[in-house]
Structures are given as structure tokens and as C-alpha cells.
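So the sequence lines, in the order shown, correspond to chains A and B. With the first letter of the first sequence counted as 1, position 52 gets the number 52 in my numbering; the numbers rise by one all the way through. When you read off a place in the second sequence, starting at 1, and then add 324, the result is the number in my numbering. Notes for the one structure printed next.
2 protein chains.
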Amino acid sequence: MKEISKLLDYRPGIKVVDATLRDGGLVNDFRFSDDFVKALYNANLRAGVDYMEFGYRADKEMFDESKFGPCKFSSDDYLRSIVGENNTDLKLAIMADVGRCNYKEDIHDRSESPVDLIRVATYLHQIPTAVDMIEDAKAKGYEVSCNIMAISNAQESDVSVALDILGKSPVDVIYIVDSFGALYPEQIARIANLYCEFAEKYDKKVGIHAHNNQQLAFANTIEAVGDGVDWLDATYASMGRGAGNCAMELLLGFLKNPKYNVYPVIQFIESQMPAVREAGAVWGYDFQYLMTGLLNQHPRTAIEFTKQGRKDYAEFYKEILLQD
Amino acid sequence: MKEISKLLDYRPGIKVVDATLRDGGLVNDFRFSDDFVKALYNANLRAGVDYMEFGYRADKEMFDESKFGPCKFSSDDYLRSIVGENNTDLKLAIMADVGRCNYKEDIHDRSESPVDLIRVATYLHQIPTAVDMIEDAKAKGYEVSCNIMAISNAQESDVSVALDILGKSPVDVIYIVDSFGALYPEQIARIANLYCEFAEKYDKKVGIHAHNNQQLAFANTIEAVGDGVDWLDATYASMGRGAGNCAMELLLGFLKNPKYNVYPVIQFIESQMPAVREAGAVWGYDFQYLMTGLLNQHPRTAIEFTKQGRKDYAEFYKEILLQD
Numbered sequence: 001m002k003e004i005s006k007l008l009d010y011r012p013g014i015k016v017v018d019a020t021l022r023d024g025g026l027v028n029d030f031r032f033s034d035d036f037v038k039a040l041y042n043a044n045l046r047a048g049v050d051y052m053e054f055g056y057r058a059d060k061e062m063f064d065e066s067k068f069g070p071c072k073f074s075s076d077d078y079l080r081s082i083v084g085e086n087n088t089d090l091k092l093a094i095m096a097d098v099g100r101c102n103y104k105e106d107i108h109d110r111s112e113s114p115v116d117l118i119r120v121a122t123y124l125h126q127i128p129t130a131v132d133m134i135e136d137a138k139a140k141g142y143e144v145s146c147n148i149m150a151i152s153n154a155q156e157s158d159v160s161v162a163l164d165i166l167g168k169s170p171v172d173v174i175y176i177v178d179s180f181g182a183l184y185p186e187q188i189a190r191i192a193n194l195y196c197e198f199a200e201k202y203d204k205k206v207g208i209h210a211h212n213n214q215q216l217a218f219a220n221t222i223e224a225v226g227d228g229v230d231w232l233d234a235t236y237a238s239m240g241r242g243a244g245n246c247a248m249e250l251l252l253g254f255l256k257n258p259k260y261n262v263y264p265v266i267q268f269i270e271s272q273m274p275a276v277r278e279a280g281a282v283w284g285y286d287f288q289y290l291m292t293g294l295l296n297q298h299p300r301t302a303i304e305f306t307k308q309g310r311k312d313y314a315e316f317y318k319e320i321l322l323q324d
Numbered sequence: 325m326k327e328i329s330k331l332l333d334y335r336p337g338i339k340v341v342d343a344t345l346r347d348g349g350l351v352n353d354f355r356f357s358d359d360f361v362k363a364l365y366n367a368n369l370r371a372g373v374d375y376m377e378f379g380y381r382a383d384k385e386m387f388d389e390s391k392f393g394p395c396k397f398s399s400d401d402y403l404r405s406i407v408g409e410n411n412t413d414l415k416l417a418i419m420a421d422v423g424r425c426n427y428k429e430d431i432h433d434r435s436e437s438p439v440d441l442i443r444v445a446t447y448l449h450q451i452p453t454a455v456d457m458i459e460d461a462k463a464k465g466y467e468v469s470c471n472i473m474a475i476s477n478a479q480e481s482d483v484s485v486a487l488d489i490l491g492k493s494p495v496d497v498i499y500i501v502d503s504f505g506a507l508y509p510e511q512i513a514r515i516a517n518l519y520c521e522f523a524e525k526y527d528k529k530v531g532i533h534a535h536n537n538q539q540l541a542f543a544n545t546i547e548a549v550g551d552g553v554d555w556l557d558a559t560y561a562s563m564g565r566g567a568g569n570c571a572m573e574l575l576l577g578f579l580k581n582p583k584y585n586v587y588p589v590i591q592f593i594e595s596q597m598p599a600v601r602e603a604g605a606v607w608g609y610d611f612q613y614l615m616t617g618l619l620n621q622h623p624r625t626a627i628e629f630t631k632q633g634r635k636d637y638a639e640f641y642k643e644i645l646l647q648d
């Protein structure tokens with residue numbers, strides 16, 4: 001049982017990362033208005049959020065700029081158009097996907113960029129490229145984190161090897177990522193133990209990025225807090241791919257550090273989120289996501305089910321059972 | 325950390341209680357059609373659910389029969405009209421609220437009733453009456469459980485006294501009830517420890533009834549499973565007061581006993597729940613419930629906010645902060 005003092009007190013080392021534009025952008029092709037992004041930036045400032053992720057820095061050779069909003073590429077110029085020089089305590093982050101980011105050219109020296117943190121996202125089998133990206137970003141002066149995605153269907157021994165490789169790299173934070181929303185809190189406890197073991201050995205921090213397929217994104221995140229995980233991803237109103245993420249409004253309500261304030265989050269959700277939904281963005285817990293989460297599958301079939309407006313849940317369950 | 329074997333294996337002693345008609349009835353004045361109730365009964369049979377709660381046995385002197393559906397009173401005759409003699413493994417339950425049930429007259433001998441389990445619901449300050457109801461039901465031949473409601477704002481020492489009194493009573497199961505959806509899994513772990521201590525001393529079982537105000541109803545329920553709690557309340561599609569309850573479809577997906585089957589639950593939700601929503605019943609996680617949960621308040625203000633169709637979440641948060 002966790003110490004009672006940990007629930008009432010707080011760890012100053014905890015960092016909250018707003019991933020609304022990045023994970024949320026996956027459900028509206030990153031078509032956020034400048035007003036929305038500015039309002040989110042201001043809400044994060046007032047809420048005491050530590051990092052704001054602006055989006056991906058996707059390779060413009062691979063992705064057609066006309067088909068996405070600016071947060072798909074989150075160029076330094078775009079960020080500056082929103083936040084100026086960002087002389088605040090809120091740090092800025094972008095995500096760089098292995099294989100989808102021309103990092104050597106598109107990530108510039110930190111001295112020329114408003115970005116503070118590069119978040120490298122990788123699958124297990126791409127770890128060597130991830131390490132190259134980490135070293136590149138570190139050499140350019142950034143803080144660097146690394147998300148190992150889709151670990152719920154990976155071998156524990158492979159994850160351990162990856163953690164050892166990352167431990168020896170200059171990365172600052174290693175993230176537990178429950179891409180399929182398939183993990184239960186008891187599993188998070190064991191995974192956090194494993195990650196923290198390597199983090200301690202190599203002097204790194206551990207983070208968590210959860211998905212809400214089984215309504216456990218918040219529960220898994222606070223489980224991880226109790227297990228020594230310090231970096232916590234959340235999104236406003238859970239906005240994110242499929243069933244969405246850990247809700248910022250739940251997380252800030254839970255955290256006890258007086259620097260956090262849930263009220264600006266509520267104000268933002270009330271004033272900004274209805275228009276995003278009206279524009280057609282769909283996300284959040286629903287039965288089809290529960291099913292892919294339960295079966296530890298990628299949510300792509302559930303996302304397609306949602307897009308088609310299907311409601312034949314039983315038929316869908318049979319379909320995805322047959323894919324197993 | 326919990327033993328890994330407990331997550332993959334199962335405890336045969338676990339009992340799943342479907343509370344859809346009873347807690348769900350609170351959001352539609354118990355106006356369920358006979359077809360709905362029969363379909364639910366059949367779904368429970370096929371899903372391997374252990375107990376089905378039909379509703380309250382409310383005092384007809386206190387409540388006007390014309391203003392509620394039959395599950396408000398769940399008379400023996402009504403139950404028989406749905407299930408006949410119920411010669412199945414699915415046991416039937418009704419709830420008897422302290423102060424709202426004329427138990428001496430309205431609860432008949434078990435030999436004359438299709439009911440198996442009487443669920444006594446009480447606040448802490450009503451425990452002596454609850455014990456009288458427990459003794460009455462036990463003398464009439466029933467299994468008996470007792471829900472102590474609203475413990476999240478009770479003194480631990482008072483709860484201990486209540487548990488000792490109930491321990492000495494003939495009750496079979498004592499329920500942890502998170503009426504306000506205010507408790508976090510770490511608190512559930514400590515509360516379960518306390519309840520299990522008394523249960524062990526007096527040879528009782530412990531149950532949990534959770535609410536989803538902070539999206540933790542399922543998480544708290546499976547936390548409790550890991551802590552030795554055996555009786556688990558759930559409702560189809562979370563149907564229940566305010567933010568609703570632990571979802572049956574999540575719970576049966578988690579439990580590993582081969583007698584449980586989530587598929588009939590999905591079929592029922594697909595075929596029966598849309599009509600209930602279309603008829604005007606509103607329930608489920610929403611920001612206003614998060615707020616009352618966060619502040620450990622009764623959800624009545626959030627229910628009223630929902631009824632009025634209000635969306636001014638920030639104003640509502642200020643209103644309920646001032647009530648503290």
C-alpha cells in the first residue's frame with residue numbers, strides 16, 4: 001500500500017505536460033485556429049502547466065502541408081507567431097517521430113528556436129534511430145524525452161534492453177506509453193518499477209502517456225505518480241486519438257502542488273472545446289475503444305468504426321476478435 | 325505491489341452484482357419497460373452475472389406509485405411477472421433504504437418471494453435501524469448485505485464503530501460505497517484494508533459500489549478486487565445516478581473467471597440502451613460531476629446543472645466552491 005503522506009503531500013519534481021495540440025491534433029488533422037492555440041497557451045500559463053507540446057515536427061517532404069494545420073509541423077516560425085519569445089515559466093515541446101521527421105535539417109539549434117524540449121517517439125524496433133535523434137537534439141541544446149510506444153504487446157526482456165540503451169543515451173526522460181489503452185493499474189505499477197530501476201541507474205526521469213480506452217488513463221497516471229513517475233502527459237477534455245488521454249482537468253484536480261490550478265482549465269474547456277467538436281472532431285471513451293483496449297489491439301479499427309458512424313458494437317466485437 | 329498471479333488468475337469467491345435497474349432507475353424514475361427488464365435478465369444470465377438488483381422496495385405510503393416505474397417498489401409480484409420462479413443460477417436482489425422502506429410489512433418471507441438478497445442502504449447515523457432491518461431480513465431467510473453510504477466525508481473512527489456493529493449483526497456482506505465519486509484508488513486500498521479487517525474478524529464478505537465522477541469507478545473497483553473485496557457492483561453502460569457507476573462491460577472484460585462473458589453485455593447495450601437515452605435519461609461522466617467529486621460533495625448540484633442543460637462549467641465551479 002502506498003504511503004498516505006504521498007497522497008496529501010506532493011513531489012516538487014512532478015512535471016505536467018499538455019499534449020492537447022499534438023495528440024488532439026490527430027483527430028482534426030491539427031486544424032486548430034491561432035485563437036485556440038493562444039487561448040490554450042494562456043490557460044496553461046495560468047494553470048501552472050510545466051510543458052506545452054505544440055505538435056509534431058513532421059517532415060514536409062512526407063506530409064502535404066495543405067492537408068494539415070500548422071501543428072503537424074510546428075515550425076519555429078509558427079510557434080513564434082503564437083508565443084513570441086515565450087519569456088515565461090511554461091516550456092515548449094514538439095514531438096519528433098522516428099521515420100517521419102527530418103530531424104537533422106528541421107530541428108535547428110535551440111538558440112534559434114522557442115522550443116525547449118524535443119520528444120522523440122519510437123517503436124521498440126527503431127531504438128537505434130531514436131538514439132541518433134536524441135543525440136542530435138541534445139547536441140543542439142535541447143532537453144530530450146523519449147516515448148517507447150505500444151509496449152503493451154512487447155516482450156518485457158526487449159523493453160529492458162531498450163531501457164538500457166536509452167539509459168546510456170543522453171535522453172533526460174523516458175516515457176511509459178500505453179498506446180492501446182490496454183494496461184491496468186497493477187501492470188502500470190510493475191512497468192513503472194522496471195522503468196524507475198533503469199532511470200535510477202542512469203539518472204533519468206520517467207514519464208507516462210496514457211490512453212482512455214478502458215477509462216483508465218487518469219487512474220493509470222495517478223497510479224504511476226504513486227510509483228515514482230514524475231512526468232505526466234494530459235490533454236484538455238481528454239482530447240486525443242481514439243478514446244483520448246488522461247484529462248488535464250482530472251489530473252490538476254488530483255495534484256496537490258499549489259502551483260497547479262484547475263480553474264483556467266475548466267474555463268478553457270467551456271469556451272473553446274464546443275467549437276472544436278462542432279467542427280467535426282470526435283474523440284473520447286466509447287464502447288469500440290473499450291473493445292480494442294480489452295483485446296490489446298491498435299485502435300485503428302475502432303477509429304474507422306467511429307468514422308463510419310457505426311453503432312453495431314456486437315458485430316464489431318466479433319470482427320476484431322477474429323483479427324486476434 | 326500486488327502479486328502478478330492475482331491479475332491473471334481469479335478468485336472464485338468474486339460476485340458480480342448488476343445494479344442497472346436500481347441505480348439506473350434513479351435517472352429515469354424507474355420507468356423501464358417489461359421488455360427492457362426481461363432483456364436485461366437474459367443478458368445477465370448469459371453474461372454469468374451473479375446477482376441482479378431489481379430496484380428499491382420503497383414504501384408506497386411515502387412514494388406515489390403513479391410517479392414511478394415498478395422497479396421503485398419491485399414487489400414480489402412484479403418480479404414474478406418478469407422472471408417466473410427464476411430457476412437459474414442468477415440470484416435476485418432488492419434494495420431497502422433505511423427510512424424509506426416499510427420492511428416489517430413489505431418484505432415477506434423468503435419462501436414467498438423470488439428475492440434472494442436484501443441490500444440494506446444506510447447512512448452512518450442510521451446504523452441501529454439498519455441492524456434492525458438486517459435482523460428482520462435474516463430472520464425471514466434472506467441473504468443480506470449492507471451499504472454504508474457517503475463514507476468519503478465520514479470520520480474513520482466512526483466508520484470503524486459502524487463496522488464493528490455490523491460485524492456483530494447477521495449481515496453477510498458489507499459494502500464500501502463511494503457515493504460522491506470522490507475517492508482515489510489509494511484511498512480505496514486503505515478503506516478496503518479496514519473493511520477486510522473487520523470482515524475477517526466477523527466472517528463477513530466485503531463489497532464495493534463506486535461512482536464515476538472522476539472516471540475512477542472501474543479503476544476503484546479493480547483496485548478493490550486486488551485488495552480482497554469480493555462483491556462488485558456494476559451497471560450496463562454505467563447507467564446510474566449522476567456520473568453513473570462502474571461499467572459492467574469494463575468489469576466483465578477485466579475479470580478472468582471463465583463463467584463471465586462480456587459479449588451479451590455488448591449486445592444488450594447495443595440493442596436496448598439507445599431507446600433509454602432517447603426517452604430522456606441522462607447519465608455519465610461529465611465536467612460538473614468531476615467537480616463535485618473533486619470537492620467531495622453530494623452530486624445533487626451537478627444533477628440539477630445537468631437537468632437545466634447548463635454548460636457554464638466555470639460559473640458552476642465557483643458556485644459549488646462557495647458551498648464548501
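We treat Cβ as the ideally placed atom computed from N, Cα and C, and that holds for glycine. Note that the coordinates shown come from a computational prediction; the quantities given were computed from them, not determined experimentally.
### Query
Taking DSSP as the reference, what is the three-state secondary structure of Gly13/A?
Assigned with DSSP and collapsed to three states, Gly13/A falls in coil, not helix or strand.
### Task
Sort Gly228/A, Ile165/A, Pro114/A, Ile107/A by Cα distance to Pro128/A and report the nearest one.
Residue Ile165/A is the option with its Cα nearest to Pro128/A.
### Query
Just checking, does the region 264-282 of chain A make contact with the region 63-78 of chain A on the three C-beta pairs under 8 Å criterion?
Fewer than three Cβ pairs drawn from the region 264-282 of chain A and the region 63-78 of chain A lie within less than 8 Å of each other, which leaves the two stretches out of contact.
### Message
If contact is defined by three or more beta carbon pairs under 8 Å, each pair taking one atom from either stretch, is the region 112-119 of chain A in contact with the region 141-154 of chain A?
### Response
Three or more beta-carbon pairs drawn from the region 141-154 of chain A and the region 112-119 of chain A are found closer than 8 Å, and the two stretches are therefore classed as touching.
#### Entry: Option nearest Val17/A by Cα separation, candidates Arg80/A, His298/A, Val229/A
When each option's Cα is compared against that of Val17/A, the closest is Val229/A.
### Message
Applying the 10 Å Cβ sphere with the 16-neighbour rule, what's the burial state of His209/A?
### Response
By the 10 Å Cβ count, His209/A comes out buried.
### Message
Classify Ser113/A: buried if its beta carbon has 16 or more other beta carbons within 10 angstroms, exposed otherwise.
### Response
The residue is buried, with at least 16 neighbouring Cβ atoms inside 10 Å.
### Query
Going along the chain, which residues of its own chain have a beta-carbon closer than 8 Å to the beta-carbon of Leu518/B, five neighbours each way excluded?
By the criterion of a C-beta distance shorter than 8 Å, Leu518/B is surrounded in its chain by Glu480, Val483, Ser484, Leu487, once the five residues flanking it on both sides are discounted.
### Task
State the start and end residues of the unbroken beta strand (DSSP E) segment that holds Glu53/A.
From DSSP, the beta strand (DSSP E) with Glu53/A extends over 51-56.
### Query
Along chain A, in chain order, which residues have C-beta atoms closer than 8 Å to that of Gly550/B?
The contacting residues are Glu186.
### Message
Among the candidates Leu369/B, Ala506/B, Asn620/B, Val600/B, whose CA atom is the shortest distance from the CA of Asn411/B?
### Response
Checking every option, the nearest Cα to that of Asn411/B belongs to Leu369/B.
### Minimum length 3: unbroken beta strand (DSSP E) runs contained in the region 102-190 of chain A
If you keep only unbroken beta strand (DSSP E) runs of at least 3 residues inside the region 102-190 of chain A, you get 117-122, 143-148, 173-177.
### Query
In whole angstroms, what is the alpha-carbon distance linking Ser75/A and Ala93/A?
Between the alpha carbons of Ser75/A and Ala93/A lies a distance of about 11 Å.
### Partner residues on chain B for Met239/A, Cβ-Cβ distance less than 8 Å
Correct list: empty, because the minimum Cβ distance to chain B is about 13 Å.
### Query
DSSP on Ala571/B, reduced to helix/strand/coil?
Under the three-state reduction of DSSP, Ala571/B is assigned to strand.
### Message
Between which residues of its own chain and Ala182/A is the CB-CB distance below 6 Å, once the five residues before and five after are set aside?
### Response
Ser152, Gly293, Asn296.
### Message
By the 7 Å beta-carbon criterion, what residues does the region 258-275 of chain A contribute toward chain B?
### Response
Within the region 258-275 of chain A, those residues whose Cβ lies closer than 7 Å to any Cβ of chain B are, in chain order, Tyr263, Ile266, Gln267, Ile269, Glu270.
### Message
Contact defined as beta carbons within less than 8 Å: I believe Ala461/B pairs with Ile500/B. What is the distance between those atoms, to the nearest angstrom?
### Response
Cβ atoms of Ala461/B and Ile500/B stay farther apart than 8 Å, at about 20 Å.
### Met419/B: first and last residue of the uninterrupted beta strand (DSSP E) it sits in
Residue range 415-421 is occupied by the beta strand (DSSP E) that includes Met419/B.
### Message
I want to verify the contact list: residues of chain B whose CB lies under 8 Å from the CB of Asp312/A, in sequence order.
### Response
The contacting residues are Glu594.
### Task
Label Pro509/B either buried or exposed according to how many other C-beta atoms from any shown protein chain fall within 10 Å of its C-beta, with 16 as the threshold for buried.
With 16 or more other Cβ atoms within 10 Å, it is buried.
### Message
Our contact map puts Asn537/B next to Leu614/B with C-beta atoms below 8 Å; I'd like the distance itself, whole angstroms only.
### Response
Contact flag correct, Cβ pair sits at about 6 Å.
### Task
Run down chain A in chain order and give the residues with a C-beta less than 8 Å from the C-beta of Gln272/B.
Because chain B is modelled from 325 through 648, residue 272/B falls outside the range shown and cannot be assessed.
### Message
At the 7 Å Cβ level, is Tyr317/A part of the contact set with chain B, yes or no?
### Response
For Tyr317/A, the nearest beta carbon of chain B is closer than 7 Å to its own beta carbon.
### Query
Assuming Glu270/A contacts Tyr637/B under a Cβ cut-off of 8 Å, what Cβ separation, rounded to an integer in Å, is found between them?
Taking C-beta atoms under 8 Å as the contact rule, Glu270/A and Tyr637/B qualify, at a distance of about 5 Å.
### Message
If you measure between the beta carbons of Val98/A and Ala47/A, is that distance less than 7 Å?
### Response
No, these two residues do not count as a Cβ contact at 7 Å.
### Task
Please decide whether Met325/B counts as near chain A, where near means a Cβ-Cβ distance under 7 Å.
Yes, its Cβ sits closer than 7 Å to a Cβ of chain A.
### Query
Does the distance from the CB of Ala516/B to the CB of Ala548/B come in under 7 Å?
Yes, Cβ-Cβ distance for Ala516/B and Ala548/B is below 7 Å.
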